[in-house]
Structures are given as structure tokens and as C-alpha cells.
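Below: one structure, written as C-alpha cells.
Protein chains in written order, with our numbering: chain E, 7 to 120; chain B, 137 to 249.
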């Protein structure tokens with residue numbers, strides 16, 4: 007286990023198509039987060055899982071976005087009917103239960119909607 | 137709402153000089169403050185963090201200070217080196233709820249050789 011793994015690294019899609027990203031966290035980490043980062047900005051919180059339970063969703067997460075973590079291990083983030091404004095880096099992070107355990111981020115999936 | 141302000145947005149220093157980045161948070165419940173370094177095209181990496189029961193923490197050339205009363209915290213890098221050039225993000229987190237972090241907008245640090 008070498009860290010948080012995200013696939014694919016890059017995704018180019020046409021407007022209106024659906025896309026799905028995958029995140030494999032560090033195996034012993036209970037917490038999993040999805041963030042979105044646009045150029046020149048800090049990561050923005052999208053959603054959080056503790057084990058398989060999705061406990062919080064940001065207002066940024068419209069109804070076109072859905073995330074799952076079915077067995078409390080890997081997670082998927084799906085965007086339906088993509089829009090150009092969805093173009094961003096989507097970062098996954100995981101951590102242990104203790105708040106003072108800093109996140110470990112994955113390398114991200116860069117989405118470009120054309 | 138929850139907000140973290142970060143200044144400056146860009147910072148250029150000569151090699152060997154010190155660099156200071158400042159952040160202010162709004163959520164009184166925040167009690168954990170990590171700093172991340174992000175090199176171009178790479179993932180953010182945790183470089184140092186501080187909890188609310190501590191006023192200062194140091195790790196070699198990097199130090200972080202926290203003023204809970206004023207709700208601000210700072211990153212100090214001494215004896216800067218070209219490899220310190222990157223974007224630095226501060227963040228604030230809370231032990232209540234989801235432990236999500238609110239990030240600042242980042243500081244692009246350039247260390248000039």
C-alpha cells in the first residue's frame with residue numbers, strides 16, 4: 007500500500023457525457039474525502055465518508071454529482087451530464103479517525119470538459 | 137460561513153532569506169491547522185500541522201505559530217532554498233463533525249537563487 011491511488015489521472019470528455027472517477031485510500035484509513043481544485047485556488051470540500059457512510063455533502067455538490075463507498079474501501083465519484091464548469095482537478099484524500107491525523111491526498115483526476 | 141483567508145497570494149524571496157505566510161480562520165470550533173505544500177502538477181503534501189492547545193511548533197527550517205484569540209496562524213520558513221518553491225496552502229479543521237478542512241487560497245512561493 008503506497009498511498010492514495012486515483013484513476014484515471016486525466017479525463018477529457020464532451021459536455022453532456024457522464025464520467026466516473028475512482029479512489030483507493032490507504033487501507034487502514036476510515037475517513038475518505040473528495041475535494042475539487044480549480045487553477046489558482048485551494049481545494050474545496052465536496053463530500054466525506056466514514057467507512058461506507060456518506061456523512062456530509064457540500065452545497066457545491068449538485069444533484070449531478072454522486073459519490074459512493076460501497077464497502078468502506080474504495081470510492082467512486084460520478085458526474086452526470088458534465089458541464090464546462092466541472093473542469094477541475096478532483097482530489098481524494100484519506101485519514102485515520104483522529105482529527106489530528108493529516109490527510110493524505112491522492113494525485114488527483116484532472117477533468118477537462120470540452 | 138466557514139472561511140480561511142491566506143496572504144500573500146505570491147511571495148518572492150532570495151535564497152537564504154525567510155518567508156512568512158499568514159492565515160486567518162472564522163470558525164471558532166477549528167482546532168487543527170495543517171499546512172500543505174503543492175508542487176506543480178503534484179498532490180498536496182502535509183508539511184507541518186498544529187493543534188489548538190499548542191502555540192508554536194517547529195520542524196527543522198519550518199515553524200508554525202497559532203494565535204487562537206485572534207484566529208490566525210502563520211507558517212515560517214527560514215533559510216529558504218530553491219526547492220522550497222511551490223504553492224503553500226493553510227487549512228483549518230474541527231474535531232466536531234466530519235473533520236473536513238477548509239483551505240486557504242494558497243501562496244505561490246518563489247525562492248530566487
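Just so it is clear, CB atoms sit at the ideal spot from N, CA and C, and this is done for glycine as well.
Would you verify that the beta carbon of residue i is, or is not, closer than 7 Å to some beta carbon of chain B?
i: residue 96 (chain E); result: no
i: residue 7 (chain E); result: Confidence at residue 7 (chain E) is low in this model, with a pLDDT of 49, below 50, so its placement is unreliable and the value that follows should be read with caution. So, not an interface residue.
i: residue 61 (chain E); result: yes
i: residue 72 (chain E); result: no
i: residue 23 (chain E); result: no
Look at the alpha carbon of residue i and the alpha carbon of residue j, and state the distance between them as a whole number of angstroms.
i: residue 160 (chain B); j: residue 182 (chain B); result: 19 Å
i: residue 87 (chain E); j: residue 20 (chain E); result: 9 Å
i: residue 110 (chain E); j: residue 35 (chain E); result: 10 Å
i: residue 234 (chain B); j: residue 61 (chain E); result: 7 Å
i: residue 202 (chain B); j: residue 24 (chain E); result: 44 Å
i: residue 169 (chain B); j: residue 51 (chain E); result: 16 Å
i: residue 153 (chain B); j: residue 82 (chain E); result: 44 Å
i: residue 236 (chain B); j: residue 177 (chain B); result: 23 Å
i: residue 9 (chain E); j: residue 112 (chain E); result: 7 Å
Exposed or buried, what is residue i when buried is set at 16 or more other beta-carbons lying within 10 Å of its beta-carbon?
i: residue 162 (chain B); result: exposed
i: residue 120 (chain E); result: exposed
i: residue 90 (chain E); result: exposed
i: residue 223 (chain B); result: buried
i: residue 144 (chain B); result: exposed
i: residue 249 (chain B); result: exposed
i: residue 99 (chain E); result: buried
For residue i, decide whether its Cβ has a neighbour in chain E, counting only Cβ atoms nearer than 7 Å.
i: residue 180 (chain B); result: yes
i: residue 170 (chain B); result: yes
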